[in-house]
Amino acid sequence: MTPRILDIKTQVERENTLLDCAHAFIQRESIAALTIDKLVKELPFSKGTIYNHFNSKEDILLGLCNRGMSILAELFNRARQFDGLPREQGLAIHFAYMLYAKLHPTLFMLVLTAKTSNITDKASASKQEEHLLLEGKLIGPIVSIFQESLDRNEISPPMPMTLEQLAFACWSLSFGTNALLLQNIEHCGTRSNLVVERELINNVNLLFDGFQFQPLTNDFDWTNTISRLKSITFCKEIDNLKSRGHILAI
Numbered sequence: 107m108t109p110r111i112l113d114i115k116t117q118v119e120r121e122n123t124l125l126d127c128a129h130a131f132i133q134r135e136s137i138a139a140l141t142i143d144k145l146v147k148e149l150p151f152s153k154g155t156i157y158n159h160f161n162s163k164e165d166i167l168l169g170l171c172n173r174g175m176s177i178l179a180e181l182f183n184r185a186r187q188f189d190g191l192p193r194e195q196g197l198a199i200h201f202a203y204m205l206y207a208k209l210h211p212t213l214f215m216l217v218l219t220a221k222t223s224n225i226t227d228k229a230s231a232s233k234q235e236e237h238l239l240l241e242g243k244l245i246g247p248i249v250s251i252f253q254e255s256l257d258r259n260e261i262s263p264p265m266p267m268t269l270e271q272l273a274f275a276c277w278s279l280s281f282g283t284n285a286l287l288l289q290n291i292e293h294c295g296t297r298s299n300l301v302v303e304r305e306l307i308n309n310v311n312l313l314f315d316g317f318q319f320q321p322l323t324n325d326f327d328w329t330n331t332i333s334r335l336k337s338i339t340f341c342k343e344i345d346n347l348k349s350r351g352h353i354l355a356i
């Protein structure tokens, strides 16, 4: 019997179904507990069908990470298009990342797993290539903001730094703040009185002021910027959070 050849739409739908199942499993159990055999028990597909789309558990994990990066890239593009100064757009990038971490906590944390050699060595070439392309889409808006601010003489780091180094400083600050404060912190006295939204803005202001990124924190009405981010640029995401009972503390 000639094997059935699936059209592109059906292939994409199946892959998304597989990723949805893996995502739900990780949320319910853990990354470590995920196996192909366990997914087969929850899907209307055979193990062979799964392997037609993903060559391993690691390939699935990188596929999920790529899904999250696609969502985040769209948010970053909206942040870059924010009608304001480069520093306002830089703040918008961090704001977008915080919303992403709140709305997609599992995908947000998967980036650490996806960067391990265990994943990258076992994932398919196509997923690895997609991952690299998405990294470019994520860093692109950030680099362009800093390039524009340099062209406008609105930024002056205290030491020579490349655009990629400036972008990395932003990513590490944002990821660290979200990762530390979006987790269960009831039993950690040091963090118990900290709110991620407020502390993220504080940390971003410290970083940007350290870069001499104009206008400085005390020279501009940032409350208006945040208000427009919430009511215009990211209104859908804010409404989504509200529907889950989350009200931002800023």
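Okay, so the sequence shown: first residue is 107 according to my numbering, each after it adds one. Every residue gets a Cβ at the ideal spot worked out from N, C-alpha and C, and that includes glycine. Just so you know, these numbers come straight off a predicted model, no measurement behind them.
Asked: Use the C-beta contact count for T116: other C-beta atoms within 10 angstroms, 16 or more gives buried, fewer gives exposed.; Found: exposed
Asked: Count the other C-beta atoms from every protein chain shown that fall within 10 angstroms of the C-beta of V301, then say buried if there are 16 or more, exposed otherwise.; Found: exposed
Asked: Could you tell me whether the stretch 334-344 touches the stretch 183-191, using the rule of 3 or more Cβ pairs below 8 Å?; Found: yes
Asked: Taking 8 Å as the cut-off, does the stretch 344-356 touch the stretch 311-326 (at least 3 CB pairs, one atom from each stretch)?; Found: no
Asked: I need the DSSP call for G169, collapsed to helix, strand or coil.; Found: helix
Asked: Cα-Cα, which of T123, A229 and Q195 is closest to T155?; Found: T123
Asked: I'd like to confirm something about F252: is its beta-carbon nearer than 8 Å to some heavy atom of the ligand SAM, or not?; Found: The model depicted lacks the ligand SAM and carries no ligand whatsoever.
Asked: Would you mind sorting T222 into buried or exposed? The rule is 16 or more other CB atoms within 10 Å of its CB.; Found: exposed
Asked: Assess contact between the stretch 161-175 and the stretch 209-220, defined as three or more Cβ pairs (one per stretch) separated by less than 8 Å. Is contact present?; Found: yes
Asked: Figure out for me which residue from D113, A128, L181 and L205 has the closest Cα to the Cα of I353.; Found: L205
Asked: Look at the alpha carbon of R173 and the alpha carbon of T212, and state the distance between them as a whole number of angstroms.; Found: 11 Å
Asked: For the stretch 189-203 against the stretch 263-271, are there 3 or more C-beta pairs whose distance is under 8 Å?; Found: no
Asked: Cβ of N284 within 9 Å of Cβ of A207?; Found: yes
Asked: Do you know offhand how far K144's Cα is from L244's?; Found: 33 Å
Asked: To the nearest angstrom, how far is the alpha carbon of W277 from that of H237?; Found: 17 Å
Asked: Thinking just about the alpha-carbon of each residue, which of E235, S230, E194 and M175 is nearest to the one in E254?; Found: E194
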